[in-house]
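Here the structure is laid out as structure tokens; the discussion comes afterwards.
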Amino acid sequence: MVVDVVLGVIVGVLILAAVVGAASVRVVQQFQRGVVFRFGKVREEIRDPGLVMLMPVADRLRKVNVQIVTMPIPAQEGITRDNVTVRVDAVVYFRVVDPVKVTVNVQDYNFAISQVAQTSLRSIIGKSELDDLLANREPINQGLELMIDSPALGWGIEIDRVEIKDVALPESMKRSIARQAEAERERRARIITADGEYQASARLSEAASVMSATPTALQLRLLQTVVEVAAEKNSTLVLPFPVELLRFLDTAGEVQRQSLRGEGGSAEAPEAGAEEPQLPAVEQLELPPLEELLEHSPLDGAERNGADRNVTDRDGPDRDGTSGGAREGAGEAPAEQG
342 MVVDVVLGVI VGVLILAAVV GAASVRVVQQ FQRGVVFRFG KVREEIRDPG LVMLMPVADR
402 LRKVNVQIVT MPIPAQEGIT RDNVTVRVDA VVYFRVVDPV KVTVNVQDYN FAISQVAQTS
462 LRSIIGKSEL DDLLANREPI NQGLELMIDS PALGWGIEID RVEIKDVALP ESMKRSIARQ
522 AEAERERRAR IITADGEYQA SARLSEAASV MSATPTALQL RLLQTVVEVA AEKNSTLVLP
582 FPVELLRFLD TAGEVQRQSL RGEGGSAEAP EAGAEEPQLP AVEQLELPPL EELLEHSPLD
642 GAERNGADRN VTDRDGPDRD GTSGGAREGA GEAPAEQG
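Here the sequence shown is numbered in my numbering, starting from 342 and rising by one per residue.
The structure is reproduced here in structure tokens:
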């Protein structure tokens with residue numbers, strides 16, 4: 342009888358020990374950390390992965406996941422600094438670095454990080470321009486990460502990275518951006534074409550200077566052009582003439598016309614109806630007075646007086662206003678009549 346009682350007690354103790362042992366033993370996974378509360382007060386010691394022994398009834402264990410959490414940020418609509426309405430969504434990567442703080446300081450750290458990320462995303466949209474959101478996202482991602490990381494450090498959370506995932510634009514803005522891109526490409530095409538023309542003109546100028554020093558090179562180039570044109574099996578062959586050759590022929594023709602004009606001008610009489618060549622105007626010579634010529638003449642006095650009278654009778658007017666020539670005509674006329 343006594344043996345049965347002893348065996349019952351022993352079995353009861355073992356069962357109680359098993360129950361208490363099962364209640365005081367916990368298993369922490371590798372990606373978790375354990376935070377122990379003893380009578381409601383947190384223990385500073387963090388329980389590492391493995392088998393954890395707890396004080397029955399006094400201790401409570403809370404497991405915290407320390408893996409990197411990927412949290413999408415809902416799309417936020419805002420106005421950029423250059424007054425463009427956009428809709429931006431992003432994604433946040435974070436992990437827990439202090440299980441005690443994340444358990445004690447914040448009630449739901451996932452919800453807290455989500456709200457901070459949305460607020461920071463709207464704030465960064467208002468501080469940025471549209472071109473930066475579309476083409477220069479790296480500084481914006483870094484700024485957004487700093488804005489979210491500031492309150493998260495006090496919660497025992499580390500922000501690994503933040504990335505803007507998509508930027509939605511209105512249809513009118515998409516058309517405007519397309520027109521801008523088309524105009525930019527057209528501008529670059531014109532610049533490239535102008536640059537090619539400039540380089541080609543420079544090369545042609547250098548080639549012209551070389552050909553001017555050696556005229557034979559110009560003839561060889563002309564023959565090469567003829568060969569290139571004839572290689573196409575065309576029915577029409579275009580043969581260009583150099584400008585220098587045309588100038589030479591024009592000069593030779595002008596010289597021949599001048600020589601013919603010089604030979605035929607003295608021998609042949611001008612034809613009837615042909616225009617006579619206009620002679621150049623001869624300047625009128627100014628002669629000295631007749632008295633000075635007579636004074637310096639070698640004639641004697643009588644001959645000089647006769648010459649004076651002849652000049653006076655012919656050219657000089659009489660007292661009655663008639664000239665000597667007129668008197669002679671008047672005197673000879675009655676004689677012929679008689």
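Just so it is clear, CB atoms sit at the ideal spot from N, CA and C, and this is done for glycine as well. Computed from a predicted model, the values in this text were never measured in an experiment.
By DSSP, does R436 sit in helix, in strand, or in coil? For this step, residue 436 is matched to residue 95 along the sequence shown. Strand, per DSSP.
Which term fits P440, buried or exposed, when burial requires 16 or more other beta carbons within 10 angstroms of its beta carbon? Translated into the one-based positions of the sequence shown, residue 440 becomes position 99. By the 10 Å Cβ count, P440 comes out buried.
In three-state DSSP terms, what is V410? As a position in the sequence shown, residue 410 is number 69, starting the count at 1. Of the three classes helix, strand and coil, the one that applies to V410 here is strand, per DSSP.
Would G497 be called buried (16 or more neighbouring beta carbons within 10 Å of its own) or exposed? The residue labelled residue 497 in the question sits at position 156 within the sequence shown. So G497 ends up on the buried side.
Tell me the residue span of the beta strand (DSSP E) that contains L392. Taking the sequence shown and counting its residues from 1, one reaches residue 392 at position 51. Here the beta strand (DSSP E) through L392 covers G391 to M394.
By a C-beta neighbour count over all protein chains shown, 10 Å radius and 16 as the cutoff for buried, is M488 buried or exposed? Counted from its first residue, the sequence shown places residue 488 at position 147. Buried, by the Cβ-count rule.
C-alpha distance - S491 paired with A359, whole-angstrom precision: What you label residue 491 is simply residue 150 of the sequence shown in a count that begins at 1. What you label residue 359 is simply residue 18 of the sequence shown in a count that begins at 1. Those two C-alpha atoms are separated by around 48 Å.
Pop quiz: V427 and V508 are said to be a contact at Cβ under 8 Å. What is the actual Cβ separation, rounded to whole angstroms? By one-based count along the sequence shown, residue 427 stands at place 86. By one-based count along the sequence shown, residue 508 stands at place 167. Yes, they are in contact, since the Cβ atoms of V427 and V508 sit about 6 Å apart, within 8 Å.
For F378, report the span of its beta strand (DSSP E) as first-last. Taking the sequence shown and counting its residues from 1, the one referred to as residue 378 is at position 37. Element bounds for F378: Q373 to R379.
Option nearest M412 by Cα separation, candidates T534, A519, E525 and I505: One-based indexing of the sequence shown puts residue 412 at position 71. Answer by Cα proximity: I505.
What do you get for Y539, buried or exposed, if any count of 16 or more other CB atoms within 10 angstroms of its CB means buried? Translated into positions along the sequence shown, residue 539 becomes position 198. Flag for Y539 reads exposed.
So who's on the other strand from E418, going by DSSP bridges? To locate residue 418, count along the sequence shown from 1; it is residue 77. Bridge partners of E418: R428.
The beta strand (DSSP E) enclosing L473, as first and last residue numbers: Looking up residue 473 in the sequence shown gives position 132. The sequence shown places Asp at residue 473, not Leu. Taken as a continuous stretch (DSSP letters only), D473 belongs to no beta strand (DSSP E), being part of the alpha helix (DSSP H) at L471 to A476.
Can the beta-carbon of L475 be found closer than 8 Å to that of V429? By 1-based counting over the sequence shown, the position of residue 475 is 134. By 1-based counting over the sequence shown, the position of residue 429 is 88. Against a cut-off of 8 Å, the Cβ pair of V429 and L475 comes out as no contact.
8 Å Cβ shell around R422 - same chain, five flanking residues per side excluded: Counted from its first residue, the sequence shown places residue 422 at position 81. Correct list, in chain order: G467, K468, S469 and E470.
Could you pull out every residue in the same chain whose Cβ sits closer than 8 Å to the Cβ of V551, ignoring the five residues on either side in sequence? The residue labelled residue 551 in the question sits at position 210 within the sequence shown. Excluding positions up to five away in sequence, the list reads A558.
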